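Taking it in order: structure first as structure tokens, then the write-up.
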């Protein structure tokens with residue numbers, strides 16, 4: 373009975389089970405992040421310093437060292453004590469020489485010129501004030517770089533005149549280039565606007581070169597400017613020259629004319645060669661320009677180039693190599709040439 377009762381009591385006992393749930397640990401903070409960031413920053417600064425030391429020269433290093441070094445305003449030496457004269461003055465022990473004790477510094481009175489002394493006039497150089505003593509040298513007198521404009525010599529005037537002349541030449545060259553471009557456009561417009569010259573427009577080459585405005589009257593297959601083997605211009609050459617002459621007459625620049633032939637040998641029983649033929653054709657163009665209104669004094673010379681300056685070197689016998697070139701020279705490049713032959 374007692375055993376059964378004890379078992380029953382044991383079976384009916386209330387069992388209390390206590391379960392502890394795992395709680396989250398408290399926040400430990402981000403101090404390690406700060407330390408790691410400081411470490412990375414220090415490493416970056418270290419490698420940057422190493423790179424700078426390798427990239428700079430010895431002179432640059434000395435300049436940087438002097439910039440960050442302590443400065444002694446009373447001398448050239450740096451003072452670790454932060455005092456003038458490296459921490460030593462005239463009354464310090466051991467600074468005196470001999471047995472006489474601390475030396476005395478004599479007082480020197482400054483001398484001033486008397487008030488009644490006359491100073492130089494305004495127009496005289498200021499150095500005359502100290503002419504007697506010789507002190508106060510003029511440190512600004514370095515080869516005349518800081519000379520008084522009122523006392524400047526002829527060298528300064530010549531330099532100023534040279535600069536003004538250079539500016540004037542540049543302005544004149546720009547104006548001349550613009551005038552030549554306008555003349556080229558006017559010639560092209562005049563030729564293309566004339567129905568009678570529509571077929572000849574492609575035989576007139578107009579361009580502006582470093583030498584000036586160049587007009588070239590070109591032969592073409594079936595339409596030459598001169599009769600074969602002759603210096604007599606045909607009607608096409610006369611019409612083109614008459615059309616461009618008024619534009620050339622308005623320009624004041626000198627004119628040169630050059631005749632050119634192709635590489636075909638000129639056969640004549642009189643001994644005339646391509647040299648004479650090209651020069652005669654240039655002279656014939658000169659006469660046409662004068663007849664059309666170009667002043668004779670403007671034409672500085674003519675020349676015959678024969679076949680030495682081919683327009684189409686790859687095709688020496690091409691018709692375009694036979695041409696007459698009229699050059700309106702730039703004023704800066706104008707030079708006397710071979711005088712024309714009437």
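Residue numbers (my numbering): 373 to 714. Glycine is no exception: its CB is placed at the ideal position from the N, C-alpha and C atoms. All of these numbers come straight from a predicted model, not from anything done at the bench.
Suppose contacts are defined by Cβ-Cβ distances below 8 Å. Is residue i in contact with residue j by that definition?
{"i": "residue 563", "j": "residue 552", "result": "no"}
{"i": "residue 621", "j": "residue 666", "result": "yes"}
{"i": "residue 569", "j": "residue 611", "result": "yes"}
{"i": "residue 603", "j": "residue 653", "result": "yes"}
{"i": "residue 544", "j": "residue 623", "result": "no"}
{"i": "residue 591", "j": "residue 694", "result": "yes"}
{"i": "residue 660", "j": "residue 605", "result": "yes"}
{"i": "residue 664", "j": "residue 599", "result": "no"}
{"i": "residue 616", "j": "residue 662", "result": "no"}
{"i": "residue 583", "j": "residue 701", "result": "yes"}
{"i": "residue 686", "j": "residue 647", "result": "no"}
For the candidate residues the options, whose alpha-carbon lies nearest to that of residue i?
{"i": "residue 634", "options": "416, 410 and 696", "result": "696"}
{"i": "residue 715", "options": "586, 690, 674 and 638", "result": "The chain is shown only over 373 to 714; residue 715 falls outside these bounds and no answer can be derived."}
{"i": "residue 649", "options": "613, 662, 661 and 630", "result": "630"}
{"i": "residue 632", "options": "412, 589, 663 and 389", "result": "589"}
{"i": "residue 670", "options": "628, 683, 433 and 689", "result": "628"}
{"i": "residue 595", "options": "647, 692, 439 and 626", "result": "692"}
{"i": "residue 668", "options": "636, 647, 687 and 625", "result": "625"}
{"i": "residue 642", "options": "534, 636 and 601", "result": "601"}
{"i": "residue 689", "options": "428, 636, 676 and 572", "result": "636"}
From residue i to residue j, what distance separates their C-alpha atoms?
{"i": "residue 593", "j": "residue 656", "result": "21 Å"}
{"i": "residue 457", "j": "residue 441", "result": "Confidence is the limiting factor: at residue 457 the pLDDT is only 46, short of 50, which leaves the residue's position unreliable and the question unanswerable from this model."}
{"i": "residue 426", "j": "residue 420", "result": "10 Å"}
{"i": "residue 703", "j": "residue 618", "result": "20 Å"}
{"i": "residue 386", "j": "residue 402", "result": "48 Å"}
{"i": "residue 435", "j": "residue 413", "result": "26 Å"}
{"i": "residue 587", "j": "residue 548", "result": "17 Å"}
{"i": "residue 638", "j": "residue 645", "result": "5 Å"}
{"i": "residue 405", "j": "residue 411", "result": "10 Å"}
{"i": "residue 430", "j": "residue 415", "result": "25 Å"}
{"i": "residue 585", "j": "residue 698", "result": "8 Å"}
{"i": "residue 535", "j": "residue 546", "result": "17 Å"}
{"i": "residue 433", "j": "residue 541", "result": "50 Å"}
{"i": "residue 571", "j": "residue 539", "result": "45 Å"}
{"i": "residue 424", "j": "residue 438", "result": "17 Å"}
{"i": "residue 573", "j": "residue 658", "result": "20 Å"}
{"i": "residue 561", "j": "residue 537", "result": "36 Å"}
{"i": "residue 450", "j": "residue 428", "result": "Because residue 450 carries a pLDDT of 49, less than 50, the predicted location of this residue cannot be relied on, and the following value inherits that uncertainty. The alpha-carbon atoms of residue 450 and residue 428 are separated by roughly 24 Å."}
Residue i by DSSP, collapsed to three states: which one?
{"i": "residue 420", "result": "helix"}
{"i": "residue 616", "result": "helix"}
{"i": "residue 559", "result": "helix"}
{"i": "residue 715", "result": "As displayed, the chain neither begins before 373 nor continues past 714, which places residue 715 out of reach and without an answer."}
{"i": "residue 676", "result": "strand"}
{"i": "residue 650", "result": "helix"}
{"i": "residue 594", "result": "coil"}
{"i": "residue 517", "result": "Any reading at residue 517 needs caution, since the residue's pLDDT is 46, under 50, leaving its predicted position unreliable; the model's value is listed next. Looking at residue 517 - three-state DSSP - the assignment turns out to be coil, as it is neither helix nor strand."}
{"i": "residue 389", "result": "coil"}
{"i": "residue 661", "result": "helix"}
{"i": "residue 645", "result": "coil"}
{"i": "residue 581", "result": "strand"}
{"i": "residue 682", "result": "coil"}
{"i": "residue 623", "result": "coil"}
{"i": "residue 589", "result": "strand"}
{"i": "residue 692", "result": "helix"}
{"i": "residue 666", "result": "coil"}
{"i": "residue 697", "result": "strand"}
{"i": "residue 425", "result": "helix"}
{"i": "residue 637", "result": "coil"}
{"i": "residue 572", "result": "coil"}
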